[in-house]
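First residue of the sequence shown? That's 505 in this note's numbering, and the numbers climb one at a time after it. The next block holds one structure in the form of structure tokens; read it before the comments.
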Amino acid sequence: MNPGSRRYHIITFGCQMNKADSERMAGVLEDMGFVWTETPDQAQLVLYNTCTIRDNAEQKVYSYLGRQAKRKQTEPDLTLVVAGCVAQQEGDALLRRVPELDLVLGPQHANRLQDLLEQVAAGQQIVATEQIQIVEDITKPRRDSQVTAWVNVIYGCNERCTYCVVPNVRGVEQSRSPEVIREEMVRLGEQGYKEITLLGQNIDAYGRDLPGVTAGGRYEHTLTDLLYFVHDVPGIERIRFATSHPRYFTERLIHACAELPKVCEHFHIPFQSGDDELLKAMARGYTQAKYRRIIDKIRDRMPDASITADAIVGFPGETEAQFAQTLKLVEDIEFDQLNTAAYSPRPGTPAASWDNQLSETVKADRLQRLNHLANQGAAARSQRYAHRIEEILVEDQNPKDPTQVMGRTRGNRLTFFASDIHHLRGQTIPVKITEVRPFSLTGEPLDAKKGLNW
Ligand code: SAH
Ligand code: SF4
Ligand code: F3S
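Structure below.
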């Protein structure tokens with residue numbers, strides 16, 4: 505293919521994993537000579553990186569695709585690509601539904617984009633969804649931020665939660681070696697990145713597919729070991745990781761987070777339900793008591809830690825009393841943020857075929873009640889920041905107010921303060937918090953020189 509100065513546009517749905525894949529695919533396209541455009545209608549290559557976690561996520565893709573497919577009638581050179589989890593799930597069926605597509609590629613094939621596009625240029629319509637050993641990443645991602653970056657540590661998921669499509673679309677667990685992860689972080693440090701989020705759908709599973717067991721009988725390469733291994737990478741000031749699974753969350757990990765200064769006190773540990781019967785039906789492999797113990801232990805060691813989670817309401821068979829257990833857990837724990845969702849039956853998952861599905865009305869009602877409670881919790885948790893001095897790593901200008909910059913506390917609360925982004929991007933600044941909202945804060949930089957009148 506000779507792209508010349510062809511323009512591309514990527515639209516990304518779904519989780520951080522997809523965002524990281526999009527950045528890598530953008531890097532591949534730029535290496536091939538493509539140039540980013542903000543306007544999809546002006547692009548000669550449009551790539552949809554899709555999500556299928558819930559039905560509404562999937563439907564979004566079809567409505568977007570319809571419009572671009574029409575463009576192809578008048579612009580035959582337009583290249584249309586569907587990547588991500590809908591691509592993996594639907595495969596060939598996508599081509600039948602939208603015959604204008606040129607390329608359908610599953611998440612495991614993101615690094616092969618150039619190769620696949622070259623086959624498209626040779627006149628083929630390609631579907632790349634077979635399970636493969638993921639090629640080690642030699643792409644240079646076009647990262648959206650200049651301060652924070654994602655680093656994949658484990659792909660796929662070997663769990664079998666009965667509601668979830670992820671194992672079907674992301675394949676089996678494949679950990680990257682500690683050395684290549686460190687190498688990627690070293691390069692990011694050299695480029696001026698300050699914060700790294702290590703990514704995996706079940707990050708606690710990191711390393712179990714790598715060779716090596718210690719004399720004590722545990723895996724040699726756990727997430728905890730990885731944190732120690734990468735902790736001293738020069739230039740990197742903050743390290744986060746997501747997503748944690750309660751079943752595998754260890755005390756060693758809590759200890760490491762408390763001990764390692766760069767590891768931020770922020771834990772994203774989905775619980776899904778506060779009821780043991782439902783947790784069993786979901787095949788989550790822990791009880792609500794175990795979940796509470798984990799949170800207690802974290803707060804014992806790090807009283808200020810921020811705790812975020814995901815929960816599902818309206819799972820098949822959920823009674824009002826069982827839902828009340830979820831409410832109780834949320835009330836007791838007071839999450840810093842809770843992502844909630846009404847259960848959505850997904851093709852190829854066990855729970856979708858059960859005959860005890862709840863009505864949309866019941867799900868919507870429970871979702872609303874849970875959201876209300878979760879927002880109260882978040883507002884209460886936010887109060888602890890009032891009048892405090894927080895270290896804010898400045899990421900960008902506030903898109904809604906150019907006189908302000910925005911960054912995050914170690915606990916991941918978005919924080920705004922008046923200053924000039926050109927001086928402060930990538931710096932960590934002590935900020936006195938003056939205004940507290942449920943999910944964000946406003947403050948004043950302590951060093952007046954670093955404020956407005958620099
Ligand atoms: N690996 C993570 C979550 C991955 S999916 C974990 O184990 O927790 C992100 C979130 O989407 C899940 O935590 C769950 O709350 C939600 N989710 C997944 N499948 C869903 C479904 N079928 N219906 C509604 N929500 C779902
Ligand atoms: Fe899905 Fe469960 Fe794997 Fe999370 S751990 S991605 S919810 S199967
Ligand atoms: Fe969606 Fe795939 Fe992530 S289904 S949530 S984009 S792993």
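Built from N, CA and C at the ideal position, the CB exists for glycine as well. Just so you know, these numbers come straight off a predicted model, no measurement behind them.
{"query": "Alpha-carbon spacing of residue 548 relative to residue 612, whole angstroms", "result": "24 Å"}
{"query": "Residue 582 and residue 574 closer than 8 Å at C-beta", "result": "no"}
{"query": "Backbone secondary structure at residue 737 - three-state DSSP", "result": "coil"}
{"query": "Contact between the region 803 to 811 and the region 865 to 872 (3+ Cβ pairs under 8 Å)", "result": "no"}
{"query": "C-beta atoms of residue 533 and residue 552 nearer than 8 Å", "result": "no"}
{"query": "Residue 509, buried or exposed, once every other Cβ within 10 Å from all chains shown has been counted against 16", "result": "exposed"}
{"query": "CB contact flag (residue 669, residue 930, <8 Å)", "result": "no"}
{"query": "Near ligand 2: residue 849 beta-carbon under 7 Å from a heavy atom", "result": "no"}
{"query": "Residue 518 Cβ short of 7 Å to ligand 5 heavy atom set", "result": "In the structure shown, ligand 5 is absent; the only ligands present are ligand 1, ligand 2 and ligand 3."}
{"query": "Rounded straight-line distance, which links the Cα of residue 746 to that of residue 771", "result": "7 Å"}
{"query": "Counterpart residues of residue 591 in DSSP-defined beta bridges", "result": "Paired residue(s): none; residue 591 is not in a bridge."}
{"query": "Entirely enclosed alpha helix (DSSP H) segments - the region 511 to 535, minimum 4 residues", "result": "520 to 535"}
{"query": "Same chain only: Cβ atoms within 7 Å of residue 856, ignoring 5 sequence neighbours per side", "result": "849 and 850"}
{"query": "Residues near residue 941 by beta carbon distance below 7 Å, same chain, minus five either side", "result": "886"}
{"query": "Heavy atom of ligand 2 within 7 Å of residue 671 beta-carbon", "result": "yes"}
{"query": "DSSP beta-bridge partners of residue 911", "result": "898 and 919"}
{"query": "Near ligand 3: residue 555 beta-carbon under 7 Å from a heavy atom", "result": "yes"}
{"query": "Cβ distance (whole Å) where residue 472 is taken to contact residue 936 below 8 Å", "result": "Because the chain here runs from 505 to 958, residue 472 falls outside it and cannot be looked at."}
{"query": "Limits of the alpha helix (DSSP H) - the one that residue 767 falls within", "result": "Neither: residue 767 is in no alpha helix (DSSP H) and is coded neither H nor E."}
{"query": "Burial state of residue 567 (16 or more Cβ within 10 Å)", "result": "exposed"}
{"query": "Reduced DSSP category for residue 903 - H, G, I as helix; E, B as strand; rest coil", "result": "coil"}
{"query": "Rounded separation between residue 918 and residue 578 - CA only", "result": "44 Å"}
{"query": "Helix, strand or coil at residue 934 according to DSSP, with G and I counted as helix", "result": "strand"}
{"query": "Pairwise C-alpha distance: residue 787 and residue 565", "result": "29 Å"}
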